[in-house]
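Per my numbering, residue -9 is the first one in the sequence shown, and the count goes up by one each step.
Each residue gets a CB set at the ideal place from its N, CA and C atoms; glycine is no exception.
Each remark here refers to the structure printed beneath this line.
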Amino acid sequence: MAKVPAYAAVSAKAPLAPYEAERREPKEHDVVIDVLFCGVCHSDIHQARDEWGGGLFPMVPGHEVIGRVARTGAEVKKLKPGDMAGVGCMVDSCRECGPCSESLEQFCEKGCAWTYNSTEMDRKTPTFGGYSTQIVADERFVLKVPENLDPAGAAPLLCAGITTYSPLRQFNCKKGDRVGVVGLGGLGHMAVKLASSMGAEVTMLSTSRGKEADAKRLGAAKFALTSDEATFEKLAGYFNIIIDTVSAPHDYNKYLGLLKVKGTMVVVGVPPEAVPLHAHSLIGGNRRLSGSLIGGIKETQEMLDYCSKHNIVSDVEVIPIQKINEAYERVVKGDVRYRFVIDIASLRG
Ligand code: NAP
Ligand code: ZN
Ligand code: ZN
């Protein structure tokens, strides 16, 4: 057991502050990673502030973790010291149930071990995330990060990247499809980059007029303001797929009206409150409303290899960990272009 420097929220009301996180001695299949960068996901904020309830404190957030392998257990085959490695939202699962055998570990019937705000599969040992200098995980849950990807820009791929890649694949995004992306934040900007790289015509649906030029630079062909009611008339029946990344309550019914017949809207953003849904919004046009939770380990590796081939990383603003509370405030205000990434060197002092 070793204690390593980290940042934690000691309670839902507390700002993040220096903390020491326990890391286990590596077991046979474990990989010890010296963390270089960790992305700041809006889910970190929801959980550190206990907006979803049931939070385990002290909480060391962070599930977009990139680093170099420092040591490996005797049986590790996948990685060796010095390799660039990543950890996303999960660090373990039962490895045996139906979903696990399909590499949908996020839906493990026993409940997977999330990277933080969770326990290891012993259901006792708390897990601590990537706002720390080191992380230890089983090789099955450690991703190989291609060396051509910038490590700071690659960190957000571990959550924002896979969360948007997976639904685009599930709903067969292809050349010529019209894809709407709602909300230009961390997830939204990855959805724009990925959908346009797959040949789709992307429209950014945003509340922020000031983000139009960025949306186009990121790959969107069109930009529409969702605060303008005319947008919902002009684009009615337009999209094959909508990826909704919005973190706050908004009217799903309005967005469903933008789908073509048999079109699908995939909700990935998690507003803390429930949103009412009218049956007519779905029945009119055989429209579908779906959800999607991150992606399994196999698909996460596929996404990293895809990003390596297409040279896709996140647009990041690198910050020292001492600025984390300020960064949270800016994310909540929608003031981030387009992902904060913590330089973990700032924790090493
Ligand atoms: P983010 O960077 O804060 O982006 C969210 C964007 O939503 C904002 O940039 C803003 O874009 C838009 N928005 C915010 N408040 C709004 C409002 N009141 N009305 C309309 N639009 C609003 O957050 P993120 O890290 O991308 O995460 C987004 C959501 O996805 C969070 O709820 C997070 O917990 C969730 N998430 C889900 C999964 C999953 O597996 N399903 C994985 C990761 C994260 P504009 O300025 O363009 O309007
Ligand atoms: Zn996340
Ligand atoms: Zn399982």
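query                                                                                              : result
Contact belief for S196 with L174 at Cβ below 8 Å, rounded distance in angstroms                   : 5 Å
Local conformation of M255 per DSSP, three classes                                                 : strand
Contacting residues, own chain, Cβ-Cβ under 7 Å from P116 (five flanking each side not counted)    : L46, T109
Secondary structure, alpha helix (DSSP H): runs of 4+ residues fully inside the stretch 144 to 184 : 150 to 160
Residue of F27, D82, G52 minimising C-alpha distance to H19                                        : D82
For ligand 3, residues whose Cβ lies under 5 Å from any non-hydrogen atom                          : S83, C84, C87, C90, C98
Run of the alpha helix (DSSP H) containing R113, from where it starts to where it stops            : R113 -> no alpha helix (DSSP H), and no H or E assigned at all.
The beta strand (DSSP E) enclosing Q124, as first and last residue numbers                         : 124 to 128
Nearest residue (CA-CA) to E54, options L208, S298, A142, K244                                     : A142
Touch test, the stretch 35 to 51 against the stretch -2 to 8, Cβ-Cβ under 8 Å, three pairs minimum : yes
According to DSSP, residues forming a beta bridge with I23                                         : V59, I125
Sub-8 Å separation of D241 and M255 beta-carbons                                                   : no
Through-space distance from T62 to G259, alpha-carbon basis                                        : 36 Å
Inter-residue spacing [alpha-carbon to alpha-carbon] between G119 and G275                         : 43 Å
For I287, three-class secondary structure by DSSP                                                  : helix
Any non-hydrogen atom of ligand 2 closer than 7 Å to S33 Cβ                                        : yes
Complete runs of the beta strand (DSSP E) confined to the stretch 181 to 255 [at least 3 residues] : 191 to 196, 212 to 215, 229 to 234
Short Cβ contact (8 Å threshold) for V132 with I332                                                : no
Cβ-heavy atom distance, A203 to ligand 1, below 7 Å                                                : no
Helix, strand or coil at L133 [DSSP, three-state]                                                  : strand
Residues near G178 in its chain [Cβ-Cβ closer than 6 Å; skip 5 each side]                          : V171, T235
For V81, the first and last residue of its enclosing beta strand (DSSP E)                          : 80 to 82
3 or more residues per run - each beta strand (DSSP E) lying fully within the stretch 2 to 46      : 7 to 13, 20 to 29
First through last residue of the beta strand (DSSP E) which encompasses R329                      : 329 to 333
Three-state class that DSSP yields for L272 in the structure shown                                 : helix
Distance cut-off 7 Å: L208 Cβ against heavy atoms of ligand 1                                      : no
CB contact flag (F27, I56, <8 Å)                                                                   : yes
Buried versus exposed, by CB contacts within 10 Å (16 or more), M180                               : buried
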